[in-house]
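One structure below.
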Amino acid sequence: MSTLPPCPKCNSEYTYEDGAQLICPECAHEWSANGEAEATSDDVVKKDSVGNVLQDGDTVTVIKDLKVKGSSLVVKVGTKVKNIRLCDGDHDIDCKIDGIGAMKLKSEFVRKV
Numbered sequence: 001m002s003t004l005p006p007c008p009k010c011n012s013e014y015t016y017e018d019g020a021q022l023i024c025p026e027c028a029h030e031w032s033a034n035g036e037a038e039a040t041s042d043d044v045v046k047k048d049s050v051g052n053v054l055q056d057g058d059t060v061t062v063i064k065d066l067k068v069k070g071s072s073l074v075v076k077v078g079t080k081v082k083n084i085r086l087c088d089g090d091h092d093i094d095c096k097i098d099g100i101g102a103m104k105l106k107s108e109f110v111r112k113v
């Protein structure tokens, strides 16, 4: 009986092989059997519209007029947004804009200052 490595995400010992992939039945995480280094690096680098790497606490400017869904407000071009927080999902910047309030932005519509 061969011993398979535990899941790198949840450390479950009940992993199984499916071709060249290893699968965890508890958290549904899949990784390659021969690529251990790839499974340990879950960090995703978020970049702005021109390719600068974004980090928590950065200041960015909006590069396009953005309509605020559910209201008649518009975030104008050149609006500075201070102290951003990066998050997962489609809208990957969580921030607070003066005059509008808390909202989420896509990194493709901002440029790092």
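For the sequence shown, the residue numbers in full-length UniProt numbering are 1 to 113. The C-beta atom is built at its ideal place from N, Cα and C for all residues, glycine as well. All values derive from a computational prediction rather than experimental measurement.
Whole angstroms are fine: how far does the CA of residue 26 sit from the CA of residue 98?
Residue mapping note: residue 98 aligns to position 98 of the sequence shown, counting from 1. Residue mapping note: residue 26 aligns to position 26 of the sequence shown, counting from 1. In a straight line, the C-alpha of residue 98 is about 43 Å away from that of residue 26.
Check: Does the beta-carbon distance from residue 80 to residue 91 come in below 8 Å?
Finding: For the purposes of this step, residue 80 is taken as residue 80 along the sequence shown, with counting starting at 1. For the purposes of this step, residue 91 is taken as residue 91 along the sequence shown, with counting starting at 1. Not in contact: residue 80 and residue 91 (Cβ atoms no closer than 8 Å).
Check whether the Cβ atoms of residue 78 and residue 59 lie closer than 8 Å to each other.
Within the sequence shown, numbered from 1, the residue matching residue 78 stands at position 78. Within the sequence shown, numbered from 1, the residue matching residue 59 stands at position 59. Contact flag unset, no.
**OP:** Identify every residue that forms a DSSP beta bridge with residue 102.
**Re:** Translated into the one-based positions of the sequence shown, residue 102 becomes position 102. According to DSSP, which records beta bridges pairwise, residue 102 is partnered with 96.
Item checked: Pair within 8 Å by beta-carbon distance, residue 107 and residue 66 -> Counting from 1 along the sequence shown, the entry for residue 107 is found at position 107. Counting from 1 along the sequence shown, the entry for residue 66 is found at position 66. Not a contact, by the Cβ cut-off of 8 Å.
*Apart from the five residues just before and just after residue 48, which ones in its own chain have a Cβ nearer than 7 Å to its Cβ?*
The residue given as residue 48 occupies position 48 in the sequence shown. Result list for residue 48: 54, 60, 107, 110, 111, 112, in chain order.
- Reduced DSSP secondary structure (H/G/I, E/B, other) of residue 107: Your numbering for residue 107 matches position 107 in the sequence shown. Of the three classes helix, strand and coil, the one that applies to residue 107 here is helix, per DSSP.
Going by Cα to Cα distance, which pick from 31, 94, 101, 96 is closest to residue 7? By one-based count along the sequence shown, residue 7 stands at place 7. It is 31.
For residue 3, the three-state DSSP class (helix, strand or coil): Position 3 of the sequence shown, counted from the first residue, corresponds to residue 3. Note: residue 3 maps to coil in three-state DSSP.
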